[in-house]
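Undergrad:
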Amino acid sequence: MKELIEYIAMSLVEDPTQVVVHTSRQGASTRLSLHVAKEDMGRVIGKGGRVANAMRILLNVAAAQTGRRATLDIEEPQ
Numbered sequence: 760m761k762e763l764i765e766y767i768a769m770s771l772v773e774d775p776t777q778v779v780v781h782t783s784r785q786g787a788s789t790r791l792s793l794h795v796a797k798e799d800m801g802r803v804i805g806k807g808g809r810v811a812n813a814m815r816i817l818l819n820v821a822a823a824q825t826g827r828r829a830t831l832d833i834e835e836p837q
């Protein structure tokens, strides 16, 4: 699941070296946190959050195939 989000994010951003995905697991649930460069936030979120929602849907499908649940948080750069 982590690799899926990394692949999608790296395909969207201008600076793929800044893409970092952290994973934490709690029981049957997985939480992924995506960090990108400040300049690339708009590309990852998309107009009206459409790109972010599409990434979450794909993540949920991949997680469901393995019998897990997954959430994606896009963290604000500092």
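The numbering used here applies: residue 760 is where the sequence shown begins, and numbers increase by one.
We treat Cβ as the ideally placed atom computed from N, Cα and C, and that holds for glycine.
For clarity, every value in this text was computed on a predicted model and none was experimentally measured.
Might you give, ordered along the chain, the residues of its own chain that have their beta carbon closer than 8 Å to the beta carbon of Met921, omitting 5 neighbours on each side?
TA: With the chain covering 760 to 837 only, the question about residue 921 has no answer from this structure.
Undergrad: Express the C-alpha separation of Gly826 and Val803 in angstroms, rounding to a whole number.
TA: Residue numbering aside, residue 803 sits at position 44 when the sequence shown is read from its first letter. Residue numbering aside, residue 826 sits at position 67 when the sequence shown is read from its first letter. Using only the alpha carbons, I get a separation of about 27 Å.
Undergrad: Output the distance between the C-alpha atoms of Gly807 and Pro836, rounded to the nearest integer angstrom.
TA: Mapped onto the sequence shown, residue 807 falls at position 48. Mapped onto the sequence shown, residue 836 falls at position 77. The straight-line gap from Cα to Cα measures roughly 19 Å.
Undergrad: Tell me whether Thr789 is buried or exposed, calling it buried when 16 or more other Cβ atoms sit within 10 Å of its Cβ.
TA: As a working mapping, residue 789 is identified with position 30 in the sequence shown. Answer is buried; the Cβ neighbour count reaches 16.
Undergrad: Taking the C-alpha atoms as reference points, what is the distance between Val772 and Leu793?
TA: Here residue 772 refers to the residue found at position 13 when the sequence shown is read from its first residue. Here residue 793 refers to the residue found at position 34 when the sequence shown is read from its first residue. So the alpha carbons of these two residues sit roughly 12 Å apart.
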